[in-house]
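Here the sequence shown is numbered in the working numbering, starting from 1 and rising by one per residue.
By construction, the Cβ of each residue, glycine as well, lies at the ideal position given by its N, Cα and C atoms.
Scroll down for the structure; my scribbles are underneath it.
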Amino acid sequence: MVIHSVRRKRRQEHDTFWPLRNLSFDIQPGEAVGIIGRNGTGKSTLLRLIAGVLKPDEGDVLVRGKVAPLIQLSAGFSGDLTGRENVYLVASLHGMTKKEIKASFDEIVDFAGDQVKQAIDSPVRHYSSGMKVRLAFSLVSRLPHPILLVDEALAVGDREFKKKCYKVIDNLLAEGRTLVLVSHSQPQLTRFCKRGLFLDRGQLVVDGTIQEALDAYNGPDTTGHEVDKDDDD
Numbered sequence: 001m002v003i004h005s006v007r008r009k010r011r012q013e014h015d016t017f018w019p020l021r022n023l024s025f026d027i028q029p030g031e032a033v034g035i036i037g038r039n040g041t042g043k044s045t046l047l048r049l050i051a052g053v054l055k056p057d058e059g060d061v062l063v064r065g066k067v068a069p070l071i072q073l074s075a076g077f078s079g080d081l082t083g084r085e086n087v088y089l090v091a092s093l094h095g096m097t098k099k100e101i102k103a104s105f106d107e108i109v110d111f112a113g114d115q116v117k118q119a120i121d122s123p124v125r126h127y128s129s130g131m132k133v134r135l136a137f138s139l140v141s142r143l144p145h146p147i148l149l150v151d152e153a154l155a156v157g158d159r160e161f162k163k164k165c166y167k168v169i170d171n172l173l174a175e176g177r178t179l180v181l182v183s184h185s186q187p188q189l190t191r192f193c194k195r196g197l198f199l200d201r202g203q204l205v206v207d208g209t210i211q212e213a214l215d216a217y218n219g220p221d222t223t224g225h226e227v228d229k230d231d232d233d
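Below is the structure:
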């Protein structure tokens, strides 16, 4: 994965705002990289560029391999469709055949928990945010893609579900998958990621170890916006 001189702009009423400015780095297959920064510094925009949801206004984004993106709590689910229909739709959009989805369906729903299992034939608009993210994580983590993008999704859910998610991510990393994780949780970042990217005002300030990125983020020039140091795992 190569990000080269990327700039992405967002037009506001009387001005143009650049969430990302002159961003360049590469990520090797099998790396686990944490993206750190205050809200509004371009982290989610970066993940959407990697996923192909957005295109850069300048520069290049080169991704070798398919991406399993969990960059929305709902994973792109349609509120009017049932959970079952959404699983089939989203999985098929990511290249799974109907036969493959059917073979994995029970495991996907079981992992998401009893609440989701009981509501699987109800429209997703009636799901809580926790139910949506449980079903979304269960589905996306089963896509056979080499790159997993996670944007704050692990902040939702109870302790037991988080433990299950952590075990899945551990297994995916052991298989050699690539992880790009956006999180405000220091325990999550240090658990999964050896490398950290610290973004500030749309620019890459630190590209080093995850601890170096965290130290820079928590430093005196970041107006006191610290990464959460506690977690319930």
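Residue i, DSSP secondary structure in three states
{"i": "Leu154", "result": "helix"}
{"i": "His94", "result": "coil"}
{"i": "Ile27", "result": "coil"}
{"i": "Asn22", "result": "strand"}
{"i": "Leu204", "result": "strand"}
{"i": "Thr41", "result": "coil"}
{"i": "Ile3", "result": "strand"}
{"i": "Ile71", "result": "coil"}
{"i": "Leu214", "result": "helix"}
{"i": "Gly224", "result": "Confidence at Gly224 is low in this model, with a pLDDT of 46, below 50, so the placement of that residue should be treated as unreliable; the coordinate-derived value is given next. The answer is coil: DSSP assigns Gly224 none of H, G, I, E or B."}
{"i": "Gly79", "result": "coil"}
{"i": "Arg48", "result": "helix"}
{"i": "Val61", "result": "strand"}
{"i": "Leu199", "result": "strand"}
{"i": "Val140", "result": "helix"}
{"i": "Val133", "result": "helix"}
{"i": "Gly219", "result": "coil"}
{"i": "Val33", "result": "strand"}
{"i": "Arg8", "result": "strand"}
Where residue i falls, given that 16 or more other Cβ within 10 Å makes a residue buried
{"i": "Pro29", "result": "exposed"}
{"i": "Asp60", "result": "exposed"}
{"i": "Arg64", "result": "exposed"}
{"i": "Ser129", "result": "exposed"}
{"i": "Gly224", "result": "Only weak support exists for where Gly224 lies, its pLDDT of 46 falling under 50; the value from the coordinates is given anyway. Result: exposed."}
{"i": "Arg8", "result": "buried"}
{"i": "Thr41", "result": "buried"}
{"i": "Ala32", "result": "buried"}
{"i": "Leu143", "result": "buried"}
{"i": "Asp151", "result": "buried"}
{"i": "Ser5", "result": "exposed"}
{"i": "Val2", "result": "exposed"}
{"i": "Asn86", "result": "buried"}
{"i": "Gly37", "result": "buried"}
{"i": "Glu220", "result": "With the sequence shown as reference, residue 220 is identified as Pro, and Glu is not the correct amino acid for it. It counts as exposed."}
{"i": "Lys167", "result": "exposed"}
{"i": "Leu20", "result": "buried"}
Proximity test, Cβ basis, 8 Å: residue i and chain B
{"i": "Ser5", "result": "No chain B is present in this structure, which holds just one protein chain."}
Inter-residue CB distance, residue i and residue j (contact presumed, cutoff 8 Å)
{"i": "Ser104", "j": "Ile71", "result": "At roughly 21 Å, the Cβ-Cβ gap does not stay under 8 Å, so Ser104 and Ile71 are not in contact."}
{"i": "Leu154", "j": "Phe25", "result": "The pair is not a contact, with the Cβ atoms about 23 Å apart (cut-off 8 Å)."}
Sufficient close CB pairs (3 or more, under 8 Å) joining the region 44–52 to the region 208–218: no
Any alpha helix (DSSP H) of 4 or more consecutive residues that is wholly inside the region 142–197: 159–174, 186–192
Stretch-stretch touch, CB-based, cutoff 8 Å, three pairs: the region 162–178 with the region 89–108: no
Inter-stretch contact at 8 Å, needing at least 3 Cβ pairs: the region 111–119 / the region 127–135: yes
Residue ranges of each alpha helix (DSSP H) within the region 85–129, 4 or longer: 98–112, 114–118
The region 177–192 touching the region 145–154, judged by at least three CB pairs closer than 8 Å: yes
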